[in-house]
Amino acid sequence: MADRWPIDRRTRWRPTTPTASPSPTIRRPRTPPSQRGSSTATAGSTPGCTYVTEPAVADGHAHVCELVSPDETTTQRATVFAVDIADGSRRWNHEVDIAVAENLDGVAPALTAPAVADGTVYVGVAPEWTFSQLPVPDAGYLVALDADTETVQWRHDVGLVPRTLAVAGDCCYVTDIEGNLVVVR
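Heads up, the sequence shown stops at 185 in full-length UniProt numbering, and the numbers go up one at a time, no gaps.
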């Protein structure tokens with residue numbers, strides 16, 4: 001039987017983010033009203049913050065995507081990481097392929113919340129996401145990581161900026177801000 005924590009509002013552990021400066025505040029991304037409720041992390045609106053997506057929990061680990069913005073004009077790093085839910089330690093940390101975005105002015109990388117199925121972590125990535133103009137660029141891709149080793153299993157260009165991601169059976173379902181749906185097998 002699985003261990004259960006009583007609902008007593010006590011913190012069992014806190015995640016830490018390795019930085020050269022004091023630990024950043026963890027906040028939801030500030031997104032335009034049209035994007036509220038999405039599970040996409042974007043960066044660049046609050047200096048010194050780490051933006052995190054909702055976690056995907058499987059096999060005793062929480063998988064999370066994060067974007068680090070050291071100031072108002074730069075996105076420094078995008079990562080996917082796995083946290084052991086028993087003790088809060090990071091199991092692995094995988095840097096995602098994005099260009100360092102400078103002078104953002106409405107353009108920033110974006111990551112979907114991860115999805116986990118059959119030992120694989122799936123993430124939608126947009127190296128440059130333009131939330132101030134439509135149509136959006138079509139430079140997004142999916143990446144599949146081994147949930148145990150963080151090894152990249154495959155990467156697939158999807159021709160849109162991923163907003164949400166779901167996995168069922170042998171298919172990844174990806175939507176974008178314009179209402180498109182892409183199915184990747």
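Backbone N, C-alpha and C fix where the C-beta goes; we use that ideal spot for every residue, glycine too.
Item: Under a Cβ-count criterion, where at least 16 other Cβ atoms within 10 Å of its own Cβ denotes burial, should Ala168 be classed as buried or exposed?; Value: exposed
Item: Report all residues from its chain with a CB closer than 6 Å to the CB of Glu121; omit the five preceding and five following residues, and keep chain order.; Value: It is worth fixing the name first, because residue 121 is Val in this sequence and not Glu. Here the set comprises His63, Pro114, Leu145, Ala147.
Item: Can you tell me the Cβ-Cβ gap for Val184 and Val158, rounded? I've got them flagged as a contact below 8 Å.; Value: 7 Å
Item: Got a sec? Which residues, its chain only, sit under 6 Å from Leu181 by beta carbon, not counting five neighbours each side?; Value: Thr175
Item: Quick check on DSSP: helix, strand or coil for Asn180?; Value: coil
Item: Name the residue from Asp59, Pro127, Pro55, Ala82 whose alpha carbon lies nearest to the alpha carbon of Thr151.; Value: Ala82
Item: Are the CB atoms of Gly60 and Asp84 within a distance shorter than 8 Å?; Value: yes
Item: What's the gap between the Cα of Ala56 and the Cα of Gly179?; Value: 23 Å
Item: Determine the extent of the beta strand (DSSP E) in which Leu142 is found, giving its start and end residues.; Value: 141 to 146
Item: Taking just the CA atoms, how far does Ala117 sit from Asp170?; Value: 9 Å
Item: Starting from the C-beta of Glu95, find all residues in its chain whose C-beta is less than 6 Å away, skip the five residues before and the five after it, and write them out in chain order.; Value: Thr79
Item: Going by DSSP in three states, Val158 sits in which element: helix, strand or coil?; Value: coil
Item: Go ahead and pull the three-state DSSP assignment for Thr149.; Value: coil
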